[in-house]
Each structure stands twice: as structure tokens, then as C-alpha cells.
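K.L.:
Here it is, the structure, as C-alpha cells.
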Amino acid sequence: MKKLIHIEINLLALGKSFSQSALAEISAANIGQDALKYQLGHDHYHYDNSSFSESDKYCESLRQETQDLIKQGDPTKARIAFGKLTHTVQDLYAHSNYVNLFREAYPAVAAEEIDPLIEVILRDPKLISGKLYYPWEAITFIPGLPAGVAKIFPADSHALMNKDDPTKEHYEYAFFAAVKRTGLELEKMFEKLTAGEILAFTGKTAGEDLLTKNKI
């Protein structure tokens, strides 16, 4: 997804649980995953090229790293690890056909009600993510390039499959799936932490409502 969209997703999913400065650290790490040096050879950062197993393992390593860093008393580095995690799980829905398969199975469900963790879909052999046809794929990242350029790519390409911005089909489903998944990752993290560790991680002060859930 585009930089500002990742930031918006984090704000909606995490904004009520983190201090402003803590959220800024998470979002900086999130969008940092889209740096040019992380595009080639880092499919697992973005669930690209159907790297589902590798990306799942990467996400699990970031969950453990986040938890370990919190318990070691380094909440800043923990927020960086968590920010990277949020980027990858958000890209799952923007770069794969998860939401397409969801819509086929549940055509009457609105975008805001999408379930981001339906196991049957996550293990469906029809689940794929966009393939990056480099070096030609690089031209699709040029700002202001006509949208029609993507049509020259194969149907399984990232250029055609991605739901990175509102111009793409099913974008709203990918957006809300990413918001919900990000919130679920935070809930999962909180379950493993003490109250004091949660305060340190979130940058909140005692007495604030840390577990307030965003209703989307």
C-alpha cells in the first residue's frame, strides 16, 4: 500500500492505544519497509510472489522480537519491530487475492465487516499474491504514470493484482482487512505483556485506557 495509506491504517487501528510519539515510531518503521533496498530480494516483507510461508515466518519472528525487546526494557526498538510487522500483515491484503476469495465466499458482506483471518481462505490453494516482473515492473512505480500501463503485465503480476490505492478494485476490502488485522496483532501482543510492559510499549501513562478498541 502507499505510504499515506499505511499511516492511515495504523492511525485507525492503533491510534487510541499509543501515544502520539510512539505511534509515529511505529509508522516510520512501517513505511520504511517500502524503501527501495527492500523491494528486490525481500518478497517476505510484502507477501509478494506468493511467499506466504516465508512471510508468515517473518511475521512470527517480528512478534517474538517485539515481545523480547519490550521485556528487555527497550520499547523504542520494540515499536520498530512492531512497525515492520504491521507493514507486512497489511500488505497481505493489498498484494494478494485474499479479499477476492473472501468476496466470492461472502458476497453480501460489506468491506467494513471483512474477516481478515479466515483459515480456509488463508490455506486455499487458489490464494496467490502478485508476482514482480522485474525489471519491467519498476516502471509501474513511477509517479504519475498512466494507470493503463499495468494492463501490459500478466494477470498474476503485482502491477495488476495490487490494491495499493483507492483506484484499485476491492481496495476498501483490503483497507479494512488491514485495519482489523493490525488491531488483532496488537491485541495478541498485549495478551503476552504485563500492565507495566504495556505502558512502556505504548508510551501511555497510568490510568489511560490502553485497551480501547477502535470500532470500524
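Going by the numbering used here, the first residue of the sequence shown is number 11, and it counts up by one from there.
Ideal placement from N, C-alpha and C gives every residue a C-beta, glycine not left out.
As the structure is a computational prediction, the values presented were derived from the model and not from experiment.
Using the C-alpha atoms, what's the distance from R113 back to A45?
P.N.:
Rounded to the nearest angstrom, the two C-alpha atoms are 31 Å apart.
K.L.:
Where do the N-terminal and C-terminal ends of the alpha helix (DSSP H) with R133 fall, by residue?
P.N.:
R133 -> no alpha helix (DSSP H), and no H or E assigned at all.
K.L.:
Please return the same chain residues whose Cβ sits closer than 8 Å to the Cβ of C69, not counting the five positions on each side in sequence.
P.N.:
Once the five neighbours on either side are set aside, the close Cβ partners of C69 are L95, T98 and V99.
K.L.:
Can you give me the start and stop residues for the alpha helix (DSSP H) that A38 sits inside?
P.N.:
That run of the alpha helix (DSSP H) goes Q30 to G42.
K.L.:
Contact between the region 122-133 and the region 70-80: three or more CB pairs below 8 Å?
P.N.:
Counting Cβ pairs under 8 Å, fewer than three are found: no touch.
K.L.:
In three-state terms, what does DSSP make of K198?
P.N.:
K198 falls in the helix class under three-state DSSP.
K.L.:
In the structure shown, what three-state DSSP assignment does S60 receive?
P.N.:
Correct three-state label for S60: coil.
K.L.:
So H105 is in the alpha helix (DSSP H); what residue range does that whole segment cover?
P.N.:
Where H105 is concerned, the enclosing alpha helix (DSSP H) stretches over P85 to H105.
K.L.:
Quick one: what does DSSP say K26 is sitting in, helix, strand or coil?
P.N.:
Coil.
K.L.:
Give the single residue among Y144, Y183 and H16 whose Cα lies nearest to the Cα of S167.
P.N.:
Closest by alpha carbon: Y144.
K.L.:
Can you find the residues in the same chain that come closer than 6 Å, C-beta to C-beta, to E64, ignoring five residues on each side of it along the sequence?
P.N.:
Contacts found: H54.
K.L.:
Pull the bridge partners of K141 from the DSSP assignment, please.
P.N.:
Note: K141 sits in a beta bridge opposite S167.
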